[in-house]
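Okay, structure first, notes after.
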Amino acid sequence: MKLRLILLCLLSSPSFAADYFVSPSGNDSSPGSKAQPWKTISKANQVLQPGDTVYVGPGEYREKIEPARSGQSGKYITYSSYDGRPWITAPPGGVAVKLIDKSYIFILGFGIDGKGAYTKSNIDSFVQIDGGGRHIIEDGDFRNARGWAGISIENSNYNKLLNNRVDQVGAWLSNVSHEGAGDMITMHCASHNLIEGNHLTRGGHTLIANNGDYNVIRNNLFDQKWGEGIGYRAMELTANERFCSKTVGYSLVEENTFRNMLKAPVKDETTGFKVEGEGHIVRFNMIDTVAGPATICVIRPPIIMSCQNNRIYNNTFRNAKVMWELRDQGAGAAFDNILKNNQLINTGMPKMQGTNKSVNNLTGDAFVDRGVPLTATTTDGDGTTVAVQDARWFTDGFGIVAGDRIRVGANPPATITATNYGANTLTFDKPLKWGKGDTVTLPYSGQSPDLGEGALAELTETVPNPSGKPAIPTGLGLMRTAR
22 MKLRLILLCL LSSPSFAADY FVSPSGNDSS PGSKAQPWKT ISKANQVLQP GDTVYVGPGE
82 YREKIEPARS GQSGKYITYS SYDGRPWITA PPGGVAVKLI DKSYIFILGF GIDGKGAYTK
142 SNIDSFVQID GGGRHIIEDG DFRNARGWAG ISIENSNYNK LLNNRVDQVG AWLSNVSHEG
202 AGDMITMHCA SHNLIEGNHL TRGGHTLIAN NGDYNVIRNN LFDQKWGEGI GYRAMELTAN
262 ERFCSKTVGY SLVEENTFRN MLKAPVKDET TGFKVEGEGH IVRFNMIDTV AGPATICVIR
322 PPIIMSCQNN RIYNNTFRNA KVMWELRDQG AGAAFDNILK NNQLINTGMP KMQGTNKSVN
382 NLTGDAFVDR GVPLTATTTD GDGTTVAVQD ARWFTDGFGI VAGDRIRVGA NPPATITATN
442 YGANTLTFDK PLKWGKGDTV TLPYSGQSPD LGEGALAELT ETVPNPSGKP AIPTGLGLMR
502 TAR
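In the numbering used here, the protein residues as written are 22 to 504.
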């Protein structure tokens, strides 16, 4: 019995994770070693166990990644490119990566190409995730999908899309609908996902549709130029009950560049992106060249019922018709949306209504020392939890990124570990002492905070790793290769 327990412990140890290899010149009857690789990804799908890695060599594969089982915490099942990029070009069923009710799968360095635009493509979707979660898709090169969603994440949480290049999903003008068709990335009933470092171009309808809670979208380049003077909107932050009845909002969108939202198929203008639902933070973004409002909120019963408590600050809006606009197409809640410290260059002032507010949004190229503090304390006190006038300017990172580093009065910056938006309190990683009315804001080095996304240069401590490549998580057992 004792020997049996020892063997069981040894076999379940990460040190027994296996490495396998796939090559177009291989044979599925081979052992899958580097010297004698398998031929197909399908073979790997059936064999891989938690902690295993398969290295797939360059070439074209007319099949899909669809593992038979999940990985485990600290023991990802990994599909990695090896000695060049492998390309999936004609997967059965039209989906190149299919992860249904699976967890802990890591896919690194793959190419997916439908080999033709829109209806001529061999691929409906690059990646389909439904249920499960904690997947990582990194360093992919994905091109030409004909379905509505290029990458779809539904009912799935804690996934990461990192440093991928994705181009052309759907068409700017569909012959069927006579409108734009195709969302590059969709998240429906999906929470705590990280979309970072991606370069996204040409989504027929939009580049990202976020219909989930507590997601982080940062450090991405969104470019919607389909041709001279044409290109639809770049993003939807929404709570659309058509796709998910339980979505509220509370996503973080920061440090992105959005450009070339030029013209909708059936209108002479389009919008940059939508900010709907509740509690979103949109900050430190560059929004450049929009043939219409840069940001909008649309109340559209019965599917979009609210637009409230959103905070849009320290963005730079360039070459847009107007910074923000509310479009109410029926009764709904549209209140307490605050726009602050934004820089407007060749862009009209926001059109505010009701309790929505525009505070210190200024025009012109100058941005240094033109901002104002975000909020202030409401009492005297000391400790780790501070009551403030408005906690919604800040985030604790939702458990997927670091919380904000904040300056309270004369205290050195401290990191937020928890936010309570209902009580308007911020909890920090160390004790502080403050007086009533002390300013509470992101750190700055000048006389006042800066305006627009230029303020980011002062905040190297505020947002960790602002331009670096995300680290590979532990437990992958992965040998990174030059590609």
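By construction, the Cβ of each residue, glycine as well, lies at the ideal position given by its N, Cα and C atoms.
For residue i, which residues of its own chain have a beta-carbon under 6 Å away from its beta-carbon, when the five flanking residues on both sides are left out?
i       : result
Asp-40  : Thr-74
Asn-185 : Gly-161, Asn-219
Asn-331 : Val-296, His-301, Asn-358
Leu-221 : Val-187, Met-205, Leu-228, Phe-243
Thr-207 : Ala-170, Ser-173, Ala-230
Glu-290 : Ala-312, Gly-313
Arg-239 : Glu-217, Glu-275, Glu-276
Asn-241 : Asn-219, Asn-277
Asp-390 : Gly-467, Gln-468, Ser-469
Leu-395 : Trp-414, Thr-462
Can you give me the start and stop residues for the beta strand (DSSP E) that residue i sits inside?
i       : result
Asn-232 : 227–232
Gly-224 : 220–224
Lys-181 : 181–183
Gly-369 : 364–369
Ile-126 : 126–129
Ala-435 : 435–441
Ala-312 : 307–320
Tyr-82  : 80–82
Met-507 : Any answer about residue 507 is impossible in this case: the structure gives the chain only from 22 up to 504.
Ile-172 : 170–175
Cys-328 : 327–329
Val-75  : 74–77
Leu-395 : Taken as a continuous stretch (DSSP letters only), Leu-395 belongs to no beta strand (DSSP E), as it is neither H nor E.
Ile-238 : 237–239
Ala-355 : 354–356
Lys-451 : 446–455
Below 8 Å CB to CB, which residues in the same chain sit around residue i once its five sequence neighbours on both sides are set aside?
i       : result
Asn-432 : Leu-453, Lys-454, Trp-455
Ala-89  : Asn-66, Gln-67, Leu-69
Could you give the DSSP three-state label for residue i: helix, strand or coil?
i       : result
Ile-62  : helix
Glu-249 : coil
Pro-113 : helix
Ala-192 : strand
Tyr-139 : helix
Leu-69  : coil
Arg-155 : coil
Leu-215 : strand
Leu-283 : coil
Thr-483 : Annotation note: pLDDT 41 at Thr-483 (below 50); position unreliable, no value reported.
Glu-275 : strand
Ile-324 : coil
Glu-257 : strand
Phe-505 : Summary: the structure shown does not reach residue 505, with the chain confined to residues 22 through 504, and so no result is reported for it.
Arg-413 : helix
Glu-346 : strand
Ala-387 : coil
Phe-163 : strand
Phe-37  : helix
Glu-474 : helix
Phe-419 : helix
Asp-289 : coil
Sort the options by Cα distance to residue i and report the nearest one.
i       : options                            : result
Ser-50  : Ala-211, Lys-64, Thr-384           : Lys-64
Trp-13  : Arg-223, Tyr-97, Glu-159, Ser-94   : No statement about residue 13 is possible, as the shown extent of the chain runs from 22 to 504 and does not include it.
Gln-245 : Ile-238, Glu-275, Met-373, Arg-254 : Arg-254
Tyr-235 : Ala-387, Ser-272, Leu-347, Glu-262 : Ser-272
Gly-420 : Val-237, Ala-192, Ala-111          : Val-237
Asp-471 : Asp-401, Asn-335, Met-344, Gly-298 : Asn-335
His-156 : Gly-135, Asp-134, Thr-99           : Thr-99
Ser-177 : Cys-265, Phe-163, Gly-250          : Cys-265
Asn-165 : Val-148, Leu-215, Glu-346, Tyr-139 : Tyr-139
Gln-93  : Tyr-442, Ala-211, Gly-153          : Gly-153
Ser-124 : Asn-261, Cys-210, Tyr-179, Asp-459 : Tyr-179
Leu-215 : Leu-120, Asn-306, Thr-396, Leu-182 : Leu-182
Gly-298 : Cys-328, Gly-137, Arg-348          : Cys-328
Pro-508 : Gly-385, Lys-85, Ala-38            : Only positions 22 to 504 of the chain appear in the structure, and residue 508 is not among them; the question remains open.
Exposed or buried, what is residue i when buried is set at 16 or more other beta-carbons lying within 10 Å of its beta-carbon?
i       : result
Gly-404 : exposed
Arg-167 : buried
Pro-191 : It should be noted that the sequence gives Gly, not Pro, for residue 191. So Gly-191 counts as buried.
Val-343 : buried
Ile-128 : buried
Ala-412 : buried
Asp-401 : exposed
Val-116 : buried
Thr-376 : exposed
Can you give me the Cβ contacts of residue i inside the same chain, cut-off strictly under 7 Å, excluding the 5 residues immediately before and after it?
i       : result
Thr-438 : Asp-417, Gly-424, Thr-448, Phe-449, Asp-450
Pro-79  : Asp-104, Gly-105, Arg-106, Pro-107
His-226 : Gly-191, Gly-201, Ala-202, Gly-203, Asp-204, Tyr-253
Would you say residue i lies against chain B (beta-carbon separation less than 8 Å)?
i       : result
Val-461 : In summary, chain B is missing from the structure at hand, where a single protein chain is found.
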